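Numbering (our numbering), first residue to last: 105 to 398.
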């Protein structure tokens, strides 16, 4: 590989009555700032508090680091404007660089980006790479009456002749729960419609379930479907299907699903059961929660 040679200066050496001019050079950058930028930079906030961040910054090294000695990290007020002095200068390592930002690091409302510039002994590259800072605020509850303690309100029952939300079924907490199934040749359906903000970065569905059955053998006959539908009831996804084979022996089990793919959408959280013509299965649901941030 060829190295660029930088002219440094002239040395005058006196030899007898003669003068010898010696031109001094050095290997390195050629006397210019880098021309090779980092390939990219990424950051994911893991601090749940608003206007505070924490997590790892990953700097993807330049393809050619021959004119680089350091990577310099700045706060940015946009994708190209530095906000104050450098956060840190990091020596190149020949590999991608991971730099931690400590939890509870305060984030000014005017700070929107991380900026990364390459640097050598002459100076910094004029342009850098950037990543937008997405502040992970604390997720909050998006469902109403998820614990069913307000009774038969907010949730919409579309199938079943008995009230699904009741005080007579098994409960994980409180006095109310949702009881689906419970009879032969019987279908139930319950949903709540909710909008997940387009600004959210996380959305998590959680609930507790208990299943008890009078069915015998190893064949699934009765079913509970946990589904996502759109506002006109088109099926978008079946998150999970339980059956009489999932009898929990009077125990409660906690379940979570990542709904990040529905950020920015209005959806229905649906619990739908179907029992066949003989024997029956009870499907109990309690403490349903949809947590999402803004």
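For every residue, glycine included, the Cβ atom is placed at its ideal position computed from N, Cα and C.
Model, not experiment: these values are computed from the prediction.
**Study point:** N-terminal and C-terminal residue of the beta strand (DSSP E) that residue 379 is part of
**Key:** 370 to 379
Practice item. In the DSSP assignment, find the unbroken beta strand (DSSP E) run with residue 223 in it and report its ends. Key: 217 to 223
Practice item. Report the option in 149, 178, 144 whose CA atom is closest to the CA atom of residue 237. Key: Closest option to residue 237, Cα to Cα, is 149.
**Study point:** Contact set for residue 106: own chain, Cβ-Cβ below 7 Å, skip 5 residues either direction
**Key:** Note that residue 106 scores 37 on pLDDT, short of 50, meaning its location in the model is unreliable and no value can be drawn from it.
Point to revise | Range of the contiguous beta strand (DSSP E) that encloses residue 203 | key: For residue 203, the enclosing beta strand (DSSP E) covers residues 201 to 210.
Exercise for review: Kindly indicate which three-state DSSP category residue 366 falls into: helix, strand or coil?
Suggested key: In this structure, residue 366 counts as helix in the three-state DSSP scheme.
Practice item. Note down the Cα distance separating residue 162 from residue 210, rounded to an integer number of angstroms. Key: 19 Å
Exercise for review: Check residue 398 in the structure and name its three-state DSSP category.
Suggested key: coil
Point to revise | Coil, strand or helix - residue 390 by DSSP | key: Of the three classes helix, strand and coil, the one that applies to residue 390 here is strand, per DSSP.
Point to revise | Continuous beta strand (DSSP E) stretch holding residue 53: start and end | key: For residue 53 there is no data in the structure shown, the boundaries of the chain being 105 and 398.
Review point. Under three-state DSSP, which class holds residue 153?
Key: Judged by DSSP in its simplified three-state form, residue 153 adopts coil rather than helix or strand.
Exercise for review: Can you check DSSP and say which residues form a bridge with residue 244?
Suggested key: When DSSP reads this structure, residue 244 sits in a beta bridge with 396.
Exercise for review: Could you have a look at residue 350 and say whether DSSP puts it in helix, strand or coil?
Suggested key: helix
**Study point:** Member of 169, 388, 213 whose CA lies at the smallest distance from the CA of residue 314
**Key:** 388
Check your understanding: How long is the line joining the alpha carbons of residue 391 and residue 310, rounded to whole angstroms?
Key -> 8 Å
**Study point:** Coil, strand or helix - residue 186 by DSSP
**Key:** strand
Check your understanding: What number of angstroms, rounded off, separates the C-alpha of residue 222 from the C-alpha of residue 257?
Key -> 59 Å
Exercise for review: Report the option in 181, 198, 179 whose CA atom is closest to the CA atom of residue 173.
Suggested key: When each option's Cα is compared against that of residue 173, the closest is 198.
Check your understanding: Is the stretch 296 to 304 in contact with the stretch 272 to 281, if contact means three or more CB pairs nearer than 8 Å?
Key -> no
**Study point:** Counted within 10 angstroms of its Cβ, other Cβ atoms place residue 376 as buried (16 or more) or exposed
**Key:** buried
Practice item. Leaving aside the five residues before and after residue 140 along the sequence, list all residues of the same chain whose C-beta is less than 8 Å from its C-beta, in chain order. Key: 166, 167, 168, 169, 170, 171, 172, 222, 229
Review point. Which residue comes first and which comes last in the beta strand (DSSP E) that contains residue 298?
Key: According to the DSSP assignment, residue 298 belongs to the beta strand (DSSP E) that extends over 290 to 299.
**Study point:** residue 385 (DSSP reduced to helix, strand or coil)
**Key:** strand
Review point. According to DSSP, which residues form a beta bridge with residue 228?
Key: Partner(s): 223.
Review point. Residue 285 lies in the beta strand (DSSP E); which residues open and close that run?
Key: 281 to 285
Review point. Per the contact definition of three or more C-beta pairs closer than 8 Å, is the stretch 327 to 341 in contact with the stretch 265 to 272?
Key: no
Review point. Taking contact to mean at least 3 C-beta pairs separated by less than 8 Å, is the stretch 238 to 258 in contact with the stretch 189 to 197?
Key: no
Practice item. Compare the beta carbon distance of residue 300 and residue 202 with 9 Å and say whether it is the shorter of the two. Key: no
**Study point:** Close Cβ partners of residue 288 (< 8 Å) along its chain, the five nearest in sequence each way excluded
**Key:** Excluding sequence neighbours, residue 288 sits near 379, 380, 381, 382, 383, 384.
Exercise for review: Would you mind sorting residue 125 into buried or exposed? The rule is 16 or more other CB atoms within 10 Å of its CB.
Suggested key: Residue confidence for residue 125 is low, a pLDDT of 47 falling below 50, so the modelled location carries little weight; the figure read from the coordinates is stated next. Per the 10 Å Cβ criterion, exposed.
Point to revise | Nearest neighbour of residue 398, chosen from 215, 348, 239 [CA to CA] | key: 239
Exercise for review: Alpha carbon to alpha carbon, how far is residue 266 from residue 290? Give it in angstroms, no decimals.
Suggested key: 10 Å
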